[in-house]
Amino acid sequence: MAVPKRVKFSLATLFIQAVFIIIYAIIVDYEDAADPTKSDNDYPTPKYYPMYQDIHVMIFVGFGFLYTFLYRYGYSGAGINILLGAVTIQWTLIVRALFFHELASGVRVKMSLTELINGDFNAATVLISFGALIGKTGPLQLLVMVLLEVILANLNEYIGTEHLKVSDVGGSMFIHTFGAYFGLAVSRALYRESHQSSANLRPGYLSDIFALVGTIFLWCFWPSFNGGLATDDGRLRAIINTLSSLVACVVVTMAISSLLSRRGNIEISHLQNASLAGGVAVGTCANMPIKPWGAMVLGTLAAIVSTTGYKYGSDYLASRFKIHDPAGINNLHGMPGILAACGGAVMAAIATKDNFGDSLYVIFPARTPNIVNGTVYPADRLAFDQGGYQIAALVTTLALAIVGGLLTGLVMRAPIWDAPDDQELYDDRNYWDVSEHGFPPDIATIQTGFTYG
Amino acid sequence: MAVPKRVKFSLATLFIQAVFIIIYAIIVDYEDAADPTKSDNDYPTPKYYPMYQDIHVMIFVGFGFLYTFLYRYGYSGAGINILLGAVTIQWTLIVRALFFHELASGVRVKMSLTELINGDFNAATVLISFGALIGKTGPLQLLVMVLLEVILANLNEYIGTEHLKVSDVGGSMFIHTFGAYFGLAVSRALYRESHQSSANLRPGYLSDIFALVGTIFLWCFWPSFNGGLATDDGRLRAIINTLSSLVACVVVTMAISSLLSRRGNIEISHLQNASLAGGVAVGTCANMPIKPWGAMVLGTLAAIVSTTGYKYGSDYLASRFKIHDPAGINNLHGMPGILAACGGAVMAAIATKDNFGDSLYVIFPARTPNIVNGTVYPADRLAFDQGGYQIAALVTTLALAIVGGLLTGLVMRAPIWDAPDDQELYDDRNYWDVSEHGFPPDIATIQTGFTYG
Amino acid sequence: MAVPKRVKFSLATLFIQAVFIIIYAIIVDYEDAADPTKSDNDYPTPKYYPMYQDIHVMIFVGFGFLYTFLYRYGYSGAGINILLGAVTIQWTLIVRALFFHELASGVRVKMSLTELINGDFNAATVLISFGALIGKTGPLQLLVMVLLEVILANLNEYIGTEHLKVSDVGGSMFIHTFGAYFGLAVSRALYRESHQSSANLRPGYLSDIFALVGTIFLWCFWPSFNGGLATDDGRLRAIINTLSSLVACVVVTMAISSLLSRRGNIEISHLQNASLAGGVAVGTCANMPIKPWGAMVLGTLAAIVSTTGYKYGSDYLASRFKIHDPAGINNLHGMPGILAACGGAVMAAIATKDNFGDSLYVIFPARTPNIVNGTVYPADRLAFDQGGYQIAALVTTLALAIVGGLLTGLVMRAPIWDAPDDQELYDDRNYWDVSEHGFPPDIATIQTGFTYG
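Residue numbers (the numbering used here), protein chains in the order written: chain L, 1 to 453; chain A, 1 to 453; chain W, 1 to 453.
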């Protein structure tokens, strides 16, 4: 241990931040409407800022408190969440410049409200992956992950939107599916038996209520997530569809949770997580005219898949495949993301000018008819083709996430990054000076003082 | 017990959700601005969505956390709150179609942002009633209540707005007064002595802080509740009046709470609840020009009535009339709602074109002058008449709420709905698999370790 | 003790509220757009209300929960916060009328959304000062402070904006610096040795997580604070700059916290507080074109100054100067506020039409060229002058805050205001009837049951 563990963390973090500042000084400008030397008066603030703030609250309050569910890991759940989010927001603008802006031609990057939304969207991707790694990874390891994952996530989105020309307004493929399977692949690469057997791996009564704070903010603001980058009638549909999916999802989650319980009880972890799966499942087609009942069906399916996953799937993945998933991201983001991609593909395959109106070309630009010398020629791509491309984007997403996650996990295994050892798992004391009063005593040494039922 | 208790809950819930989806598939469309086949470009998103989200947070974060105040009932307080809210939002659109849309003539129902606000408003009605029943009722019983209460609440609103033509912008009559007396009537119908004497019926130090999360969000966003469906200058007055009422209310609540305390201390339950009564009390006349000082007077009166009610009223109602009210909804919603109705009636009775300007006809459509063949005839209804109609709507509200609540309570008494028995009251373990760590031990078995003062 | 302690509190509070209502009845009108008898249709609601609500949540949820960090002072931290906020909002409108409106000429005061934002801004000033006094002062003392501090704070702002004509869009001088040094001066005036040595002066594991709720809402919504009263491109820059500063600040805070720790751990109090210092540090120049990287540098400097202050500065101030600062307001608001003022002065001194465009005259009205008879004459004030005036405003702020705070502290020392005695410090039981269950036992009497690391 030449360099003490946390000196390493401090210096690495300061180095990253310094590099960000230097890069920003070189390439980042304000968007035109914020540039006082330009005369652009079309301020995006009323259009994007309120929904941006909803999304911002989802990332930092929502994910942050959702991840306080472990009884001795509340500081870390919320605190590391903030660290990863803040690094990701800054890194995203740089990475997206590489893929989506023509840096080569000398155009500088514009920091705009929509790019800040993209920053939060990438933070979501990273924080989803964090759900599979919570308590088992150190902050330095996770920073390595952020730097690599954001590159791969944007490569995937670049392929999907620029080459496959698919639609994924709420990012159910590019954010949720990618983040989930990337995180699960990392978890697989890092697997140790102690990850499952640690006595600290359990929620507490109060930590579960803190986690509900996160759940409810995520649940309330999810329509803003799915509609944040949509506009006009597409945005309004995204709001209505997402709301419709979520109300059905939470009802069905509680029903299924009770149905699968030996005593008929609901599991609080299902309410905390599976009730949000409807927001994921409707994410690809949120701006499409699926009707409220269509959204409710998606929310219902998501609740069934997700709740069942929490009940049986996570244990199976861990024991059979050594994929340990403490926050259940496969159930909340992974499988519902695949469901969303399929829903989007089906809608794409049946989309016509009749049922989509002019929004057909807004949602699927590749279906815009070609106009040459005043003559309108059919679009290069038909409805069924578009459905196929949507599925191709899902496959690309899964492939890049899994391969990228495994490779990233191998990098994260290097001893240099100071992973917690078996005695340090899921324990705030490993990274924080915790308060003397109220830190939960070791569950193994105390009488719990109550019996179930 | 032919069908196990929770299988019943699961199947009933799934059945309800399935029926909702079928009905939505048959009758619900998007509002025109969200319909891609229509050319309506007047998007309501900027006008209604930010305030809708404020209201949405009030319903799920606000009520949800306010109802975590019992020391062993946090999961249920927040969790059942979500279940009832999600069912109510879906059911409201259907029920309102019966009363407010011309279904008979073949017009389909439009899901719109304003209808979603109405969904949340009905969720408020139901969740207010839940406050009198918290911990004493099972989820199945409460779902029965939701299905019946939403019908009666909308019948009441239909009578009030369509026939009596009264104004109640923040729903102090239609939401708060109705929800409160309906809930109290149900509580009376279900009364058992154990409801009052259960050892679990007590808050905890930390659960009371969780409840404050709910209080503060309700307090902050109440201007959006009272102004959500108002427009233009009426909306701006609703914001300013509600804010004015609430700041006075919270100050006076703390003063009165201390004044009524033997040791001069403040009771946290007063701060949690009575400080919100000003939002209720100003609800009927929030969009009327009552001036900030008028709103502050209403807030002050509400604080006095509500705090006194918490101190003495609830015990009296329980011991004298067997109306047990654990969250104190009579004090927070009932009496302040009546105060609001009276305030609205007084304002209506003195409203003239001079002091109300053109908003007179926006707020009281029945006072619009008749124009026949170019000649302007006086309105059918004078100021004093309008005041009388406002009181008539209050009386109708009270009658429908109390009779409807008693009958609904009788239905809810049927053993089929699996009410909790005396040993199961106010106890999360009855519906949830609670975490082993941190569930509060039985208060009777432990030394509290401190003395007051 | 002729008048019992809390009767005094009750009567004083009721008296203040009654006086407010009387003054409002005499002088306060709606702003024109809310006045139904005026035909102003330029409603400020879409422009100001969403950001106003963000700020409102910062004041009551943000400060409120941030101040629940002491393990036995959660009710008071959040509850007294609400009381002070509600009194300040009402008092501010009256006080600002004296300084900023021409009452003498008979113009009545208009309650408007922008005045409500000013009310919340003044609440911030007061609540910052409260951070140095938390647990050591009674509510009556604090009400005395509110009444005096709001007058002095607005006098300071009046001098700064009307006479020195400086720019301070996010109030880093007028709100943060003033509130901090005013509060520290009061703390000095009230100093007793017991303030530092009380066994109750410590956080708890769960109270520290509650405090994080406040932190994260403050962190998320700070762009709305700095941009709330800005408009157009200045508002958009305020949002982007504040966000840029905060993301850098939180990363550097965690790095420095770890670097300064013997064991390399992060201190949760640094995350709770120092990560917000970037919002303060960018507050004066938030609407100026400092570029994202400039904001990130300010956020980085703020994190270094603030974290170091929490680590060493607070103890030094207490032991050396008898200035005891339990919430660390010197570190979060004081020093970062001075940094902000210097940043603003530097920007002012280099501001030209070239780099500021037309916003030069919006931000620095004194630099507007004079036009006499069609001829344009240079402005009376050059860039370098403006920088000097900005520093003059900082000096004025410090002088008024320190002298005013010391004098106010002397007034607050009078025994009549019922300060808590040595046994009553940092203890909710002194003002509240706390719940029997869950109030933390005396830390001195229990085994903590764990060892660090």
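C-beta: ideal position from N, C-alpha, C; glycine also.
- Taking the beta carbon of Y75 of chain L as reference, the chain W residues within 9 Å of it are Y205, D208, I209, L212, I266, I268 and L271, listed in sequence order.
- Bridge pairing for M111 of chain W: W:Y30 [DSSP].
- Per DSSP, the continuous beta strand (DSSP E) segment holding Y377 of chain L begins and ends at T375 to Y377.
- Listed by position along chain A, the residues whose Cβ is nearer than 7 Å to that of K47 of chain W form an empty set, because the closest Cβ is around 11 Å away.
- For R96 of chain L, the number of other beta carbons within 10 angstroms of its own is at least 16, and it is reported as buried.
- Note on geometry: alpha-carbon atoms of L382 of chain L and R235 of chain L lie some 24 Å from one another.
- For the pair A124 of chain W and G179 of chain W, the Cα-to-Cα distance works out to about 8 Å.
- Per DSSP, reduced to three states, the secondary structure at V372 of chain L is strand.
- For a Cβ distance threshold of 8 Å, residue set I209 of chain L lies close to T68 of chain A, ordered along the chain.
- Note on geometry: alpha-carbon atoms of L298 of chain L and F221 of chain L lie some 18 Å from one another.
- The residue among A:D385, A:Q386, A:N370 and A:G387 with its C-alpha nearest the C-alpha of A379 of chain A is A:N370.
- Here Y389 of chain L has L164, K165 and V166 as same chain residues with Cβ atoms under 7 Å from its own Cβ, once five neighbours each way along the sequence are excluded.
- Excluding five sequence positions before and after A295 of chain W, the CB atoms of its chain that fall closer than 6 Å to its own CB belong to N241, S244, S245 and V282, given in chain order.
- If the five residues before and after L155 of chain A are omitted, its C-beta is found closer than 8 Å to the C-beta atoms of F99 and L400, all from its own chain and listed in chain order.
- Taking C-beta atoms as the reference points, L133 of chain A and S76 of chain A fail to come closer than 8 Å.
- Here L116 of chain L carries a helix assignment [DSSP, helix/strand/coil].
- In the structure shown, I290 of chain A adopts coil according to DSSP, grouped into three states.
- By the Cβ neighbour-count rule, Q423 of chain W is exposed, with fewer than 16 other Cβ atoms within 10 Å of its own.
- G264 of chain W and R429 of chain L have their alpha carbons spaced roughly 11 Å apart.
- Excluding residues up to 5 positions away in sequence, L152 and F182 lie with their Cβ nearer than 7 Å to the Cβ of G404 of chain A in the same chain.
- Counting every other CB atom within 10 Å of its CB across the protein chains shown gives L410 of chain L a total below 16, marking it as exposed.
- The C-beta distance from L394 of chain L to I338 of chain L rounds to 7 Å, short enough to fall under 8 Å.
- In terms of beta-carbon proximity, M296 of chain W lines the interface with chain L, with at least one pair separated by less than 8 Å.
- Only residues of its own chain outside the window of five on either side were considered, and among them V280, H333 and G337 have a CB closer than 6 Å to the CB of H176 of chain W, listed in chain order.
- Rounded to the nearest angstrom, the gap between the Cα atoms of A248 of chain W and F364 of chain W is 28 Å.
- If you draw a straight line from the Cα of V7 of chain A to the Cα of L83 of chain A, it comes to about 17 Å.
- Straight-line spacing of the CA atoms in E267 of chain L and I256 of chain L works out to 10 Å.
- Setting aside the 5 residues that flank it on each side, G160 of chain W is surrounded in the same chain by V166, D168, M173, F174, A393, T396 and T397, each with a C-beta closer than 8 Å to its C-beta; the list follows chain order.
- Spatial neighbours of W91 of chain L in its own chain (CB-CB distance under 6 Å, excluding positions within 5 residues in sequence) are listed in chain order as V150.
- A check of alpha carbon separations from M335 of chain W across W:D354, W:T352 and W:V305 identifies W:V305 as the nearest.
- Annotation for F65 of chain W: A78, F210, A211, V213 and G214 place their beta carbon closer than 7 Å to its own, counting only its chain and skipping 5 residues before and after.
- Residue contact with chain A for L243 of chain L: present (Cβ-Cβ distance below 8 Å to some residue of chain A).
- Interface residue (Cβ-Cβ distance to chain W less than 8 Å): T284 of chain A is not classified as such.
- Note that the C-beta distance between P440 of chain L and G74 of chain A is not below 8 Å.
- For V166 of chain W, no alpha helix (DSSP H) encloses it, and the DSSP letter there is neither H nor E.
- In the structure shown, H324 of chain W falls within a coil segment according to DSSP collapsed to helix, strand and coil.
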